[in-house]
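This report concerns only the one structure given below.
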């Protein structure tokens with residue numbers, strides 16, 4: 280399996296962080312819509328998958344753009360798609376018969 284890292288970044292400047300991730304790491308970013316429980320304010324949450332070797336740069340980008348950013352990082356078991364594992368056959372998605 281090709282392990283990677285899944286990051287959720289909460290920031291007052293999500294657009295600035297997303298732009299830097301795109302420019303520096305050439306990684307895709309997805310914005311998720313969230314609502315803070317305490318503030319009831321709507322906010323953009325950055326979701327991004329990077330290789331383990333890129334996680335330091337990702338954290339550095341987030342904290343440089345917004346020192347108060349809040350980052351959650353988890354490990355992915357497998358990442359399939361552009362920039363990760365791309366050339367897999369349809370057999371890889373089918374359940375094996377007993």
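Residue numbers (this note's numbering): 280 to 377.
Don't be surprised by glycine CBs; every beta carbon is placed ideally from N, CA and C.
1) Specify the secondary structure class of residue 290 as computed by DSSP and reduced to three states.
2) How should residue 354 be labelled, buried or exposed, when 16 other C-beta atoms within 10 angstroms of its C-beta is the threshold for buried?
3) Given this structure, state the Cα-to-Cα distance separating residue 293 from residue 282, to the nearest angstrom.
4) Taking residue 302 as the reference, give the member of 318, 313, 310 and 340 with the closest Cα.
5) Could you compute how far the alpha carbon of residue 312 sits from the alpha carbon of residue 330?
So, from the listed chains and residues:
1) In the chain shown, the residue the question calls residue 290 occupies position 11. It is coil, neither helix nor strand.
2) As a first step, residue 354 is located in the chain shown; it is residue number 75 there, counting from the start. It is exposed - the Cβ of residue 354 has fewer than 16 other Cβ atoms within 10 Å.
3) In the chain shown, residue 293 corresponds to position 14, counting from 1. In the chain shown, residue 282 corresponds to position 3, counting from 1. Going from the Cα of residue 293 to the Cα of residue 282 covers about 25 Å.
4) What you label residue 302 is simply residue 23 of the chain shown in a count that begins at 1. Checked all of 318, 313, 310 and 340; the closest Cα to residue 302 is 340.
5) The residue you call residue 312 lines up with position 33 of the chain shown. The residue you call residue 330 lines up with position 51 of the chain shown. Cα atoms of residue 312 and residue 330: separation of roughly 24 Å, rounded to the nearest angstrom.
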